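Chains as they are written, first to last, in this note's numbering: chain A, 7 to 286; chain B, 44 to 320.
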């Protein structure tokens, strides 16, 4: 093999590369800024659960056994759906767009450490999802008599369900972003399974009205378990009787959501493409 | 003379198709090097391998002394890439985008200075979505140079430009060259290569078919000249002599006189035709 000698004055030899942590945070700030400036994405992400909550809360005002209202049930379910919308759906579509509009290619050509891109996406999703939850809770409390838990316990449950749920769904969204053939088809390809999942995961239709095989399918995915966790927080012990197993099964919720975080991470690491299909 | 890029025997296949077939190339530090070639000749593949975007199947490649097949952050911070088509960061302003990208590099240029350099000072606080196509390309160039790279890749930078925007763009490239950067440029415009490049290479069928200064490429400087005038035309090695004779014949001004050497385009077209046989 021939020796290829090159000598170029290194302009930057003395300067240190910026820290990956700082770049991850700076990506997060930028992603969040871009998200809120993209009016379509904001409307797409926020409006759906909010409109549905207002709608369902007004249509169904009956009480369930245990002094729980149907609207309370929907608040908890739509928080789950809202969180998954802000993470899975939002990332699945936005990364498909990033892949096509040149964002990923440009970033891959810079010294940005690649994990910083994902850290940015994940953190910005956490911000968006937290905001969505706050809005839904405000609607629930102000319009539909949702009682917020007074003790610390349920809030701790809320925090871990939220963090695990957002992380798992976000990673699943990153992996799913490779499925659509183009940015144009991304909204349909990503939103379709998500809508189906909402119908079979107890967001709109209570489990006691679903056939068992559908519940089994739903049990594979994180949404059912997220909603179950949120119901435990906002409906309390009185609502446990409405569950199929008469219990919120928080241990299984934690297990399934954690499995999705790990599974999602593996899926991302093995399938993520920095190139668009057009780039070969 | 030190080299910025050294390529020996580069090969790349896509399935059964041999896109790059043993390509040799050497780019000197501080020069503007243009790569010409028809679509599908292996031009983009070659450049993407040099940029560290694409893997290669064979050959030796060194870009700034480093194998681009294994890009590192330190190496990436020394090169700048101006992409062919990008519509990203539409909702950010020019200044926000430049500042953000500058933060990736260990010793970036001042973003405001770069914005000024590409002539976008007036548009600095405008969202990129609202820029014209030419202004958008200037942002791409600004992003490619904000890291203060030693080597800049420009992939068909002026496609879709009107003639005035192209002239302004050329001035920008000249300025970057004066700053000491090495520039590798692919283009479809022969006059662009002629105006900007110190040396050009023509790729056809995955190989370099000619390499040299634009003025002498493919024996251009020594090729026969064609002298045309109102009543005739002749191809000759000694055009000056022909013109003198004609001048005597017409006793002064020769009607419709033109002396023409092969243009870079003539040479280019004959070069890319040749290997097809």
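We treat Cβ as the ideally placed atom computed from N, Cα and C, and that holds for glycine.
Quick caveat: nothing in here was measured; it's all calculated off a predicted structure.
For this session: Tell me, please, whether the CB atom of residue 118 of chain A is closer than 7 Å to any CB atom in chain B?
Result: By one-based count along the first chain, residue 118 of chain A stands at place 112. Cβ-Cβ to chain B under 7 Å: yes for residue 118 of chain A.
Problem set entry | chain A contact for residue 149 of chain B (CB, 7 Å cutoff) | Against the second chain, residue 149 of chain B aligns to sequence position 106. At least one chain A Cβ lies under 7 Å of residue 149 of chain B.
Exercise. When the Cα of residue 228 of chain A is compared with those of A:281, A:112 and A:93, which residue comes out closest?
Worked result: By one-based count along the first chain, residue 228 of chain A stands at place 222. Per the Cα distances, A:93.
Problem set entry | Interface residues of the region 89-121 of chain A facing chain B [CB-CB below 8 Å] | Against chain B - using a Cβ distance shorter than 8 Å - the residues of the region 89-121 of chain A are 104, 107, 108, 109, 111, 112, 114, 115, 116, 117, 118 and 119.
Problem set entry | Beta-carbon gap between residue 124 of chain B and residue 196 of chain B smaller than 7 Å | Reading the second chain from its first residue, position 81 is the one you call residue 124 of chain B. Reading the second chain from its first residue, position 153 is the one you call residue 196 of chain B. Here residue 124 of chain B is near residue 196 of chain B, since their CB atoms are less than 7 Å apart.
Problem set entry | Extent of the continuous beta strand (DSSP E) run through residue 191 of chain B | Taking the second chain and counting its residues from 1, one reaches residue 191 of chain B at position 148. Following the DSSP letters along the chain, one finds residue 191 of chain B in no beta strand (DSSP E), marked with neither H nor E.
Problem set entry | Collapsed DSSP secondary structure at residue 213 of chain B in the structure displayed | Numbered from 1 along the second chain, position 170 holds the residue referred to as residue 213 of chain B. Helix.
Exercise. Anyone know if the C-beta pair for residue 130 of chain A and residue 34 of chain A falls short of 7 Å?
Worked result: As a first step, residue 130 of chain A must be located in the first chain, where it is residue number 124. As a first step, residue 34 of chain A must be located in the first chain, where it is residue number 28. Residue 34 of chain A is positioned such that its CB atom lies closer than 7 Å to that of residue 130 of chain A.
Problem set entry | In DSSP terms, what residue 272 of chain B is bridged to | Working through the second chain from its first residue, we reach residue 272 of chain B at position 229. Answer is B:275.
Exercise. So, is the C-beta of residue 44 of chain A closer than 7 Å to a C-beta in chain B?
Worked result: Position 38 of the first chain, counted from the start, is the residue given in the question as residue 44 of chain A. Proximity of residue 44 of chain A to chain B, defined by a Cβ-Cβ separation below 7 Å, is satisfied.
Problem set entry | Selection from B:163, B:271, B:216 and B:73 that minimises the alpha carbon distance to residue 238 of chain B | Looking up residue 238 of chain B in the second chain gives position 195. Taking only the C-alpha atoms, the option nearest residue 238 of chain B is B:216.
For this session: Measure the C-alpha to C-alpha separation of residue 168 of chain A and residue 231 of chain A and round it to an integer number of angstroms.
Result: As a working note, residue 168 of chain A is residue 162 in the first chain. As a working note, residue 231 of chain A is residue 225 in the first chain. Those two C-alpha atoms are separated by around 11 Å.
Exercise. Are residue 202 of chain B and residue 86 of chain B touching if we call contact CB-CB under 7 Å?
Worked result: Here residue 202 of chain B corresponds to residue number 159 of the second chain, with the count starting at 1. Here residue 86 of chain B corresponds to residue number 43 of the second chain, with the count starting at 1. For residue 202 of chain B and residue 86 of chain B, no; Cβs fall outside 7 Å.
Exercise. Considering only residues of the same chain and omitting the five flanking positions on each side of residue 239 of chain A, which have a CB-CB separation below 8 Å?
Worked result: As a working note, residue 239 of chain A is residue 233 in the first chain. Excluding sequence neighbours, residue 239 of chain A sits near 82, 155, 160, 161, 163, 164 and 167.
Problem set entry | Three-state class that DSSP yields for residue 72 of chain B in the structure shown | Taking the first residue of the second chain as 1, we reach residue 72 of chain B at position 29. Residue state, collapsed to three classes: coil.
Exercise. Is it buried or exposed for residue 204 of chain A, if we count other Cβ within 10 angstroms and need 16 for buried?
Worked result: Counted from its first residue, the first chain places residue 204 of chain A at position 198. So residue 204 of chain A ends up on the buried side.
Exercise. Around the Cβ of residue 252 of chain A, are there at least 16 other Cβ atoms within 10 angstroms (buried) or fewer (exposed)?
Worked result: By one-based count along the first chain, residue 252 of chain A stands at place 246. Residue 252 of chain A should be labelled exposed.
Problem set entry | Whether residue 98 of chain A touches residue 250 of chain A by CB criterion (7 Å) | Walking along the first chain from the start, residue 98 of chain A turns up at place 92. Walking along the first chain from the start, residue 250 of chain A turns up at place 244. A distance of 7 Å or more separates the beta carbons of residue 98 of chain A and residue 250 of chain A.
For this session: Buried or exposed for residue 295 of chain B, please, with buried defined as at least 16 other CB atoms from any protein chain shown within 10 angstroms of its CB.
Result: Position 252 of the second chain, counted from the start, is the residue given in the question as residue 295 of chain B. Residue burial annotation: residue 295 of chain B is exposed, with fewer than 16 other C-beta atoms found within 10 angstroms of its C-beta.
For this session: Indicate whether at least one CB of chain B lies closer than 7 Å to the CB of residue 12 of chain A.
Result: Numbered from 1 along the first chain, position 6 holds the residue referred to as residue 12 of chain A. Note that residue 12 of chain A scores 36 on pLDDT, short of 50, meaning its location in the model is unreliable; the coordinates nonetheless yield the value given after this. Yes - at least one Cβ of chain B is within 7 Å of the one on residue 12 of chain A.
For this session: Could you tell me whether the Cβ of residue 246 of chain A comes closer than 7 Å to any Cβ of chain B?
Result: Taking the first residue of the first chain as 1, we reach residue 246 of chain A at position 240. Taking Cβ atoms only, chain B never reaches closer than 7 Å to residue 246 of chain A, which makes this a no.
Exercise. Are the C-beta atoms of residue 40 of chain A and some chain B residue less than 7 Å apart?
Worked result: Within the first chain, residue 40 of chain A is the residue found at index 34, counting from 1. Interface with chain B (7 Å Cβ-Cβ cutoff): residue 40 of chain A is included.
Exercise. Which class does residue 139 of chain B belong to by DSSP, given the choice of helix, strand or coil?
Worked result: Numbered from its first residue, the second chain carries residue 139 of chain B at position 96. Collapsing the DSSP output to three states places residue 139 of chain B in a helix.
For this session: Using a Cβ-Cβ cut-off of 7 Å, state whether residue 21 of chain A counts as contacting chain B.
Result: By one-based count along the first chain, residue 21 of chain A stands at place 15. Answer yes: the Cβ-Cβ gap between residue 21 of chain A and chain B drops below 7 Å somewhere.
Exercise. Are there three or more Cβ pairs, one per stretch, closer than 8 Å when the region 126-141 of chain A is compared with the region 28-48 of chain A?
Worked result: The way I'd put it, the region 126-141 of chain A does touch the region 28-48 of chain A; three or more beta-carbon pairs between them come closer than 8 Å.
For this session: Could you tell me whether the Cβ of residue 160 of chain B comes closer than 7 Å to any Cβ of chain A?
Result: To locate residue 160 of chain B, count along the second chain from 1; it is residue 117. Residue 160 of chain B does not count as touching chain A.
For this session: Taking 8 Å as the threshold, find out whether the region 22-30 of chain A comes into contact with the region 114-127 of chain A through three or more Cβ pairs.
Result: Contact between the region 22-30 of chain A and the region 114-127 of chain A is present, because at least three Cβ pairs lie under 8 Å.
Exercise. How about the region 137-155 of chain B and the region 97-111 of chain B: do they share at least three Cβ pairs that are nearer than 8 Å?
Worked result: With a cut-off of 8 Å, the region 97-111 of chain B and the region 137-155 of chain B do not count as touching, because too few Cβ pairs lie within range.
Exercise. Interface residues of chain A around residue 143 of chain B at Cβ under 8 Å?
Worked result: Taking the first residue of the second chain as position 1, residue 143 of chain B is located at position 100. Residues of chain A passing the Cβ test: 32 and 36.
Problem set entry | Amino acids of chain B, ordered along the chain, whose beta-carbon sits closer than 8 Å to that of residue 24 of chain A | Within the first chain, the letter at position 18 stands for residue 24 of chain A. Residue 24 of chain A reaches chain B at 146, 147, 148 and 149, counting residues in chain order whose Cβ is nearer than 8 Å.
For this session: Report all residues from its chain with a CB closer than 7 Å to the CB of residue 233 of chain A; omit the five preceding and five following residues, and keep chain order.
Result: Translated into the one-based positions of the first chain, residue 233 of chain A becomes position 227. Only 82, 83, 86, 207, 208 and 209 meet the Cβ criterion.
For this session: Report yes or no: do three or more beta-carbon pairs, one from the region 295-305 of chain B and one from the region 267-284 of chain B, lie closer than 8 Å?
Result: Using a Cβ-Cβ distance cut-off of 8 Å, the region 295-305 of chain B and the region 267-284 of chain B are in contact, since at least three pairs of beta carbons, one from each stretch, lie closer than that value.
For this session: Look at the Cβ atom of residue 47 of chain B, then the Cβ atom of residue 225 of chain B, and state whether they are nearer than 7 Å.
Result: Within the second chain, the letter at position 4 stands for residue 47 of chain B. Within the second chain, the letter at position 182 stands for residue 225 of chain B. In terms of Cβ geometry, residue 47 of chain B and residue 225 of chain B form a close pair [threshold 7 Å].
Exercise. When the Cα of residue 45 of chain A is compared with those of B:262, B:133, B:177 and B:109, which residue comes out closest?
Worked result: Here the question's residue 45 of chain A lines up with position 39 in the first chain. Selected option, being the one with the closest Cα: B:133.
Exercise. What residue range is occupied by the uninterrupted alpha helix (DSSP H) comprising residue 78 of chain A?
Worked result: In the first chain, residue 78 of chain A corresponds to position 72, counting from 1. Start and end: 76-90.
Exercise. Going along chain B, which residues have a C-beta under 8 Å from residue 137 of chain A?
Worked result: Residue numbering aside, residue 137 of chain A sits at position 131 when the first chain is read from its first letter. For residue 137 of chain A, there are no neighbours in chain B by C-beta distance under 8 Å, as the nearest C-beta there is about 18 Å away.
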